[in-house]
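Asks: Everything in the sequence shown is counted per the numbering used here, starting at 21 for the first residue and increasing by one.
Idealized CB from N, CA, C, for every residue including glycine.
Predicted, not measured: the structure shown is a model, and the values here were computed from it.
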Amino acid sequence: MPHRLNLRCTDCGIRHRAVCARCDESELEQLEKIKVYRRYEAGQKIAWSGDPMSFVGSIVSGVATLSQTMEDGRVQMVGLLLPSDFIGRPGRDSTPYDVTAASDVTLCCFRRGPFERLLGETPHVGERLLEMTLDELDAAREWMLVLGRKTARERIASLLVSVARRQASFDLIPKTKDIRLDLPLTREAMSEYLGLTLETVSRQLNGLGREGLIELYGKRGITIPDLKQLATETGDGSGSL
């Protein structure tokens, strides 16, 4: 069972990006009545594909993965869930994916039934959820390009830039210089997600490090001296952010 936590909405670091971003004070009070914070340890399953889900929720901290298992046992990672991303689908009582904590995860859970009723009563929640769903669709289409057309170096750079942009977006003044972050995935998981071998992932990371585009420290630590410069390595045509 996940550990239950206590955290007020006013103290929540994802408040301005999550499904509740447009809620006024009275709407937040309604959400407070149906939410509970839970913590999952790295490697712990948050939801199993096909199993009933009694809740929906938002990632408060940490990273989770979405994956599918094929009939022969092969597992394909199909997505990452970063802070403020939404888990579950209103109107659907299960998920087609396994959801697994890639790192220690704090999740803001809403009971499914009350949340679905709330969607009809608080337009701000429904509007924000639709906006997030469309953003997720755009991201999925962009990732099809990453996997289908980009080189190994461009795939690695694209993943690093995507994670760094998300982290920077939580700052009131987003940083583009000297961004320090922990990789949300092990190198093995990165290889699965990017469709590369483990050796290729390590070689490309080390290559970016030698060229000064990133600085590696510890097992997962990375500093990006200049995010715009790293973005030029994604193959997207420019270093614009």
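Is DSSP giving E253 helix, strand or coil here?
Replies: coil
Asks: Along the chain, where does the beta strand (DSSP E) that runs through G77 open and close?
Replies: F75 to S81
Asks: Beta-carbon within less than 7 Å of P22's beta-carbon, same chain only, minus the 5 sequence neighbours each way: which residues are those?
Replies: Note on P22: pLDDT 46, under 50, position unreliable in the model; no value is reported.
Asks: In the DSSP assignment, what are the bridge partners of R131?
Replies: Beta bridge pairing from DSSP links R131 with F75.
Asks: Taking the alpha carbon of Q224 as the point to measure from, which residue in P245, P110, V80 and L250 has its own alpha carbon closest?
Replies: L250
Asks: Look at the Cβ atom of I54, then the Cβ atom of F106, and state whether they are nearer than 7 Å.
Replies: no
Asks: I'd like to confirm the pairing. Which residues does DSSP put opposite Y117 in its beta bridges?
Replies: Answer by DSSP bridge pairing: none, since Y117 is not bridged.
Asks: Going by the beta-carbon positions, is the gap between W68 and D118 smaller than 7 Å?
Replies: Their beta carbons are under 7 Å apart, which means W68 touches D118 by this criterion.
Asks: Using only alpha-carbon positions, find the residue among R42, R35, L236 and I34 that is nearest to P143.
Replies: R42
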